[in-house]
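Same order as they appear, the protein sequences are chains A and B.
Our numbering puts the first residue of the first sequence at 9, with every later residue one more than the last.
Our numbering puts the first residue of the second sequence at 9, with every later residue one more than the last.
Structure first, then comments.
Protein chains: 2
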Amino acid sequence: MQSSLKTLFPNFSPELIATIEENGSAQDFKAGTILMRTGQYIKNTVLITKGKIKIYREGEDGGEFLMYYLQPGQACAISMICTAKSEKSQIMAKVTEDVSVMMIPLQMMDKWMMEHRSWYEFVIETYRSRFEEVLEVVDNIAFRSMDERLEFYLKRHSDSCGCSEVKLSHQEIATELNTSREVVSRLLKKMEQRGLVKLNRNQIELLKTNFTN
Amino acid sequence: MQSSLKTLFPNFSPELIATIEENGSAQDFKAGTILMRTGQYIKNTVLITKGKIKIYREGEDGGEFLMYYLQPGQACAISMICTAKSEKSQIMAKVTEDVSVMMIPLQMMDKWMMEHRSWYEFVIETYRSRFEEVLEVVDNIAFRSMDERLEFYLKRHSDSCGCSEVKLSHQEIATELNTSREVVSRLLKKMEQRGLVKLNRNQIELLKTNFTN
DNA sequence: CTTCTTCTGTGATAAATGTTACTGTAGATT
DNA sequence: AATCTACAGTAACATTTATCACAGAAGAAG
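Structure below.
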């Protein structure tokens, strides 16, 4: 357990790791748990050591829209940003695979930024990469049509799990793209006809050759 | 000129202001100048002291999509983020009203973060507010239809200039929302019929009463 | 095996948005 | 005044996406 921080966050200095273990509290959450809601105040920064957390935006009508996933070795950029002034969360965070996290009280943030170079760099890099990711999301909805967005979504999923099978129902995909199940079914069918995927119940197999370009 | 920094960035400490004036270089740019292109390397952080800069994303087909405007007293969050590692820009920055800026070489960033508390806080706050703004943009395209987005766009414009007349052609609006001029014309006409706006050549007057809710 | 539930496929139709094509008008230019 | 150009209005049509309605198939539960 102690060592997992070291391997997951290889750039952290030994002193920083010690400080984290001293001040943070390790916690586990089951899939389905909602860790953060829109409008809630943020009291902790979260480092993920196991599992997966989905960060998404919720529309007034209850629709949702996927921003990105948090995985082991990553941290929640939003919580870091808001934390500084204990702001309200602008997003929803939901556990999609049982997670283990390190909860770090917000008071530590500013302190460590000054004291630990490796923490400072990690925070900046987290901001940067998330900002970039969100910009890519904007690109997708602003410039691309549903079929392209679907392809991109599947690709991102398979990249993240490292395998070519995406185990999701059409309904789940539709929800994350904020569209309807029928639309997803139809587009997937077309993709199958184009030879891009193979469809099974609750599972979509990406035929990589056509995909990775 | 010296004093403008002080009034525009009231939270900066006197020492920080002195340091900025010492290390930064004041520069002016005419409306229309493109300060940053997608893919370019970033060498400076930019503080705006006069004018307006448009930050937008560019699609492969040349379409554009407005993210937000930078105004006096603000800084380019992207340049701050990327700067840390001299990354490539992910966005376009175009001067829309003649600007004066302070260019700050990227080496200063990290240094000042450690040395000047008020700089650190400014940077964090800039990150936070821009991130929030981008999330709002995502909301708009993900959950709202064109007419709502148009209303939001107009409102934001009038808020930013403090007046109720938006001096833009339908074409310009269409470009920023990445749609076509005809669509904007149609929707504006409908809004006029609903009594929300009054249309003139190159100018849209918001009839506030209905608007500010 | 039978029943139930969830997931998937698909047609028909509606609504929103994009595209094409054309017209008129205001203001600038000559 | 005559001409030109950018801007605005609008109809007709194409395309994309959303919604409704229903049917069949896979797997779970009894």
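Think of the CB as a built atom: it goes at the ideal place given N, C-alpha and C, for glycine as much as any other residue.
Predicted model, so just to flag it, every value in this text is computed and none were measured.
Under the Cβ distance rule, residue 140 of chain A counts among the residues neighbouring chain B, one pair being separated by less than 8 Å.
Within chain B, the residues whose beta carbon sits less than 9 Å from that of residue 186 of chain A are 150, 151, listed in sequence order.
Within its own chain, the residues whose Cβ lies closer than 6 Å to the Cβ of residue 127 of chain A, once the five positions on either side in sequence are excluded, are 24, 120, listed in chain order. Taking one beta carbon from each stretch, the stretch 164-182 of chain B and the stretch 132-143 of chain B have fewer than 3 pairs nearer than 8 Å; the two do not touch. Annotated as distal: residue 12 of chain B and residue 48 of chain B, with beta-carbon spacing of 8 Å or more. For residue 203 of chain A, the closest C-alpha among the options A:209, A:194, A:215 is that of A:215. In this structure, the beta-carbon distance from residue 196 of chain B to residue 207 of chain B falls below 8 Å.
With respect to the 8 Å criterion, residue 58 of chain B and residue 22 of chain B are not classified as neighbours on the basis of their beta carbons.
Between the stretch 102-120 of chain B and the stretch 95-113 of chain A there are fewer than three inter-stretch CB-CB distances shorter than 8 Å, so the stretches are not counted as touching.
Not flagged as an interface residue toward chain A: residue 155 of chain B, since no C-beta distance is shorter than 8 Å. Classified as exposed, residue 39 of chain A has fewer than 16 neighbouring CB atoms from the shown chains inside 10 Å of its CB. The three-state secondary structure of residue 22 of chain B, taken from DSSP, is helix. Taking a Cβ-Cβ cut-off of 9 Å, the neighbours of residue 73 of chain B in chain A comprise 146, 147, 150, 151, given in sequence order. Close CB contacts of residue 46 of chain B within its chain, under the 7 Å cut and outside five residues either way in sequence, are with 66, 97, 98, 99, 100 (chain order). Within the stretch 110-144 of chain A, the complete alpha helix (DSSP H) runs of at least 4 residues fall at 114-123. Taking C-beta atoms under 8 Å as the contact rule, residue 74 of chain A and residue 56 of chain A fail to qualify, at a distance of about 17 Å. By the criterion of a C-beta distance shorter than 8 Å, residue 33 of chain A is surrounded in its chain by 110, 111, once the five residues flanking it on both sides are discounted.
Per DSSP, residue 160 of chain B is one residue of the alpha helix (DSSP H) stretching across 154-169. Taking residue 105 of chain A as reference, the option from A:188, A:85, A:42 with the minimal CA-CA separation is A:42. Not one beta carbon of chain A lies nearer than 8 Å to the beta carbon of residue 116 of chain B. Residue state for residue 52 of chain B is assigned as strand, using DSSP reduced to three classes. In this structure residue 201 of chain B does not touch residue 174 of chain B by the C-beta definition: roughly 18 Å separates them, more than the 8 Å allowed. The three-state reading of DSSP puts residue 175 of chain B in coil, since its state is none of H, G, I, E or B. The beta-carbon of residue 65 of chain B is placed less than 8 Å from the nearest beta-carbon of chain A. Scanning chain A for C-beta atoms nearer than 8 Å to the C-beta of residue 95 of chain B yields 136, reported in chain order. Residue range 72-78 is occupied by the beta strand (DSSP E) that includes residue 72 of chain B, with no alpha helix (DSSP H) assigned at that position.
DSSP places residue 193 of chain B outside any beta strand (DSSP E); the residue lies instead in the alpha helix (DSSP H), whose first and last residues are 189-201. Relative to the Cα of residue 115 of chain A, the nearest Cα in the group A:180, A:71, A:51, A:192 belongs to A:51. Of all residues in the stretch 161-184 of chain B, none places a beta-carbon less than 8 Å from a beta-carbon of chain A. If you look at residue 208 of chain A, you'll find it in the beta strand (DSSP E) that goes 205-208. Nearest CB-CB separation between residue 89 of chain B and chain A: below the 8 Å threshold.
Residue 142 of chain B is positioned such that its CB atom lies no closer than 8 Å to that of residue 205 of chain A. In the DSSP annotation of this structure, the continuous segment of the beta strand (DSSP E) that includes residue 42 of chain A starts and ends at 42-44. Closest in C-alpha terms to residue 213 of chain A, from the list A:191, A:19, A:159, A:190, comes A:159.
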